[in-house]
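What follows is a single structure, written as structure tokens, with notes after it.
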Amino acid sequence: MNLVLTAVAVLVVGAFLALRSARLGVVAAVTAGLMGLTASVRALLGGSIERWHVGWRVPYGAFAVELDALSAFFLALIFGLSALAAVYGDEYLAAWRGKKSLGAAWFFFNLLVASMAMVALARNGVLFLVAWELMALTSFFLVTFEDERDEVRAAGWTYLVASHLGTAFLLAMFVLLGRRNGSLDFNQFSVAPGGAGLLFVLALVGFGTKAGFMPLHVWLPEAHPAAPSHVSALMSGVMIKLGIYGLLRVLTFLGAPPAWFGWTLLAIGLASAVFGILFALAQHDLKRLLAYSSVENVGIIATGMGLGLLGVAHRQPGMAALGFGGALLHTLNHALFKGLLFLGTGAVAHGTGTRRLDQLGGVLRRMPVTGALFLLGAAAIAALPPLNGFAGEFLLYLAAYQAGTGSAGGLVMLGLAVIAALALVGGLVAATFAKAAGIVFLGEPRSEHVAHAHEPGWAMRGPMLVLAAGCVGVGLGAPWVLRALGPVIGSVGDGAGADMASAAGWLTAIVWAGVALMLVTVALVFLRRTLLTGRMVTVSETWGCGYTHPTARMQYTGSSFAQPLTELFAPLLRTRRHWLRETLTTETPDVASEGFFRPVFDGVEIALGRLRWLQHGRIQVYVLYIALTLLALLLWKLS
Amino acid sequence: MIPFVNILLALTLAPLMLGVINRVKARFAGRDGQPLFQAYFDLARLLRKGAVYSRATSWVFRAGPIVGLAAVLVTTAIVPLGGEPAPLPFPGDLVLLAYLLGLMRFVTVLAALDTGSSFEGMGASREVTFSALAEPALLLGLAALARQSGSLSLSKMYAALDFGAWWQSGPVLALVTAALAVVLLAENARIPVDDPNTHLELTMIHEVMVLDHSGPDFALILYGAALKLWVLGALLVGLIVPVRTGHAWLDLAAALAGMFVVAVAVGVVESSMARLRLLRVPQLLVGAGALAALALVLSLR
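Here the protein sequences come in this chain order: A and B. End of the first sequence sits at 691 in my numbering; the numbers just go up one at a time, nothing left out. End of the second sequence sits at 369 in my numbering; the numbers just go up one at a time, nothing left out.
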């Protein structure tokens, strides 16, 4: 506990030191990250709960913090990924040295990490909201780092509005909780049966906005691509997970969950997963593709939580453990491979100067390390054995199969829906990341950008290597990791934590299968090497089916690769085509944003536009407004 | 002992399936056709050759055939043949099967994209499209079987099937059979989804993806494809030939006869049908998924 709070203090001090020298900010972020990681992993494995409660002069506020297993798990993600992002960011931001204030960037970065840690630690409503708001503001300034670009400013604006709309729901939730319990301390919260429904919906909207649940995700594909890559990795890897943390934390107040909590979360999760990955598939910008894929992954996490809640509600502890276990493992996995993929994308953008898929190609030959690590991340996110993504999804499949085979009635239909959706999403993820990795790194260069591509330095490659090692390690150590996560779910899962050990047992077999797979692969490598020694191995052109002058422009592009699937799902995607003489371009704007939020906000703008006559720039009239307001208040107070 | 015979049979007899299919097709066309063991001859010939690699390719292209074959080799250890259990069954192995086949596909697709050829890109694009639709059919069909037997391990699921099960819940099993048959044809690049004979036309999927592989690499791909046909065939045989006498060797012989029947049936389908238009293939695959879902719903009774 002390070590975690010290780490937070180091971050805050580091933030101000960064204003003097940017390098000090990096050093502070890395030091604090390592300290916090050690402390939170120790707390997670040790299992003791530590509290700290200090009065605060803010009404209803208290500096109440606690380090339990649930907090420790998310803290480990926050500190671990932020340390790696800081190392990477130091080199990544060097390109802007002299053009931008790097000190300010590190100031906000350190404060962002500190505020995320405080969100996970806070046990008082006011403290939580302050940390939550600080997290939104600091990340806003990081998103708008390149504020000279129009689209970055627009993205930042969308992000700011969406964050605050979400926070408004959280404010309402805490006000309701506080009124019922007379205190905003988390340990005072208890909810009378029947009163939980409204609170759950408020939490779902408020935290769901941060997590990126469909259709509240609209800020995500705008803000994540706009931010510098190490910040995108941090936002996608852990910041949106704090929405998941918030939901889990609130569920601990709400008592035994009724079944409809589970159904709602499951429906939202499946919708987010399917829509998220479909939109990811249709993107042309690598970072936007990854951002939509985050929507999909958060959907998978929500599906797991839904399965877990339904297991609790239907008294099936085995299913609850598998659902929650899958959700938590996927949370960890997503932090690892999405962090890796965002950092890899940053390296590509850094080396080539573009993130547009259809201008890249053949980057692997110029950036062998980054390329190999990105391919590994792509395989991990496509849930291919023996990597970590498979272990998490395997648990969710098992939960769905248990629902579909071991029970009767509604749960069978649920199992059916989850299996069908997970299988479809699995296929689409494989397609999306075959496109992302294949079009960028393989084949021939599609434009001049690739010609001067170069591998980044070790400060950028090192963090990617660590994350890739994590993907392999968690894949092969999944049973042990899951056993360590047992206490995390303790209070939410109503005893499901105890079943986590048996859920971990299910994973042992896939670890052995993964080991077998690797051994067979190695054996085959040697077989081919032996076969080919002494024989003629020649290098030639790609077979062009008789055509002798192929050019790189004839290759399949990302858009053409995805076309059969986007065509198939055209009613959902509404991809637009623009013909301009002989060039065809397509774009797939967000359906939720175009179909719902834009009309609503346009409506609000028109309605408020009617009040514009109040504001015409004459100072005297404004003074009159103030005088009239004061007069009205005076009269109201006197009467 | 028997479980390891399963693997041995798969490793030795899988290429024979291709021979049987080709012979059936030749007979339908009024030809004598190639020898039954032609696939073995091809493998031996390819393994003796050198290799040609395209200038555009990287290590990914060379990793494709190896990882793909490794993945399908591991599946032979978890798929039962007939009612005989696989060597390494465990609960949830059906999910591993689906994802190992997914791994095989993923590396094949990446190897195809690595050549920079538009033909292979086209094949890769179609492969990911159709497999995304075939996967729900496979996993839902197996879910219906899992519900029948109350087990999540392929070996136990299939051991629980016998003629009595067909008597009791025939419609469910018939629907699953239909779904798995479509998956078998689609995943193994057979008519009506794909045509294994030609690879130069723009309508092809699997064959065009492996256009640039040669020598030992192509042998690994050919062998992997044969094993994949064997593994998915074994899933079908366990359903349609539910001979469970209690004598392991007798059951195994029945299952082998079943594999022969499956190969003949594939040959008959290939000879008597035309390839579907590419735009119609998704309808077929979604249809198979719907049949599998219906099987699961019917099993609710």
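Don't be surprised by glycine CBs; every beta carbon is placed ideally from N, CA and C.
DSSP three-state call for residue i: helix, strand or coil?
i: A323(B); result: helix
i: Y453(A); result: helix
i: F265(A); result: coil
i: N440(A); result: helix
i: N162(A); result: helix
i: V163(B); result: helix
i: E275(B); result: helix
i: F621(A); result: coil
i: D262(B); result: coil
i: W271(A); result: coil
i: Y211(A); result: helix
i: L222(B); result: helix
i: G150(B); result: coil
Quick check on residue i - is its C-beta less than 7 angstroms from some C-beta in chain A?
i: L141(B); result: yes
i: Y291(B); result: no
i: E203(B); result: yes
i: F109(B); result: no
i: I134(B); result: yes
i: S282(B); result: no
i: P350(B); result: yes
i: L279(B); result: yes
i: G160(B); result: yes
i: V261(B); result: no
i: G98(B); result: no
Quick one: does residue i have its CB under 7 angstroms from some CB of chain B?
i: E496(A); result: yes
i: S592(A); result: yes
i: R629(A); result: no
i: F446(A); result: yes
i: C597(A); result: yes
i: Q607(A); result: yes
i: Y453(A); result: yes
i: T603(A); result: no
i: V283(A); result: no
i: V526(A); result: no
i: A565(A); result: yes
i: R581(A); result: no
i: L466(A); result: no
i: I25(A); result: Residue 25(A) falls outside the range modelled here, since chain A spans only 53 to 691, and no answer is possible.
i: F442(A); result: yes
If contacts are defined as beta-carbon pairs under 8 angstroms, then residue i and residue j qualify, I think. What distance do you get, rounded to the angstrom?
i: G66(A); j: A84(A); result: 7 angstroms
i: A119(B); j: G292(B); result: Wrong, their Cβ atoms sit about 17 angstroms apart, outside the cutoff.
i: L374(A); j: A147(A); result: About 46 angstroms separates the two Cβ atoms, so there is no contact after all.
i: V88(B); j: L104(B); result: 7 angstroms
i: T197(B); j: L617(A); result: 5 angstroms
i: A435(A); j: G441(A); result: 4 angstroms
With distances taken from CA atoms, which of the options is nearest residue i?
i: I130(A); options: G98(A), S167(A), F159(A) and A157(A); result: S167(A)
i: E496(A); options: V88(B), L79(B) and G189(B); result: G189(B)
i: V526(A); options: L466(A), L583(A), T590(A) and P438(A); result: P438(A)
i: A166(B); options: A97(B), A131(B) and L248(B); result: L248(B)
i: F265(A); options: T196(A), F305(A), A343(A) and G249(A); result: A343(A)
i: A154(B); options: M225(B), P239(B) and Q106(B); result: M225(B)
i: L178(B); options: R587(A), S324(A), M287(A) and G610(A); result: G610(A)
i: Q607(A); options: L362(A), G478(A), G413(A) and V464(A); result: G413(A)
i: V147(B); options: D285(B), K296(B), N256(B) and G357(B); result: K296(B)
i: V309(B); options: G357(B), V354(B), L241(B) and V349(B); result: L241(B)
i: L207(B); options: L300(B), V311(B) and I289(B); result: L300(B)
i: R194(B); options: A358(B), V349(B), L364(B) and L362(B); result: V349(B)
Is there a C-beta anywhere in chain D that falls below 7 angstroms from the one on residue i?
i: A246(B); result: Going by chain labels, chain D is absent from the structure shown, which instead holds the protein chains A and B.
Residues of the region 163-187 of chain B in Cβ contact with chain A at a cutoff of 9 angstroms, in chain order, please.
V163, L164, A166, Y167, L168, G170, L171, R173, F174, V175, V177, L178, A179, A180, L181, D182, T183, G184, S185, S186 and F187
Given a limit of 9 angstroms on CB to CB distance, which residues of the region 397-430 of chain A reach chain B?
G413, G414, L416, R417, P420, G423, A424, L427 and A430
Just by C-beta distance, which residues in the region 208-235 of chain B are closer than 7 angstroms to chain A?
L208, A211, A214, R215, G218 and L220
Listed from N- to C-terminal order along the chain, which residues in the region 351-377 of chain A have their beta-carbon within a distance smaller than 9 angstroms of any beta-carbon of chain B?
none
Residues within the region 115-128 of chain B neighbouring chain A, beta-carbon criterion of under 9 angstroms:
L115, R116, K117, G118, A119, V120, Y121, S122, R123, A124, T125, S126, W127 and V128
Counting only Cβ-Cβ distances shorter than 8 angstroms, please list the residues of the region 613-646 of chain A near chain B, keeping chain order.
F613, A614, Q615, P616, L617 and L620
Proximal residues, the region 125-156 of chain A versus chain B, C-beta separation under 7 angstroms
none
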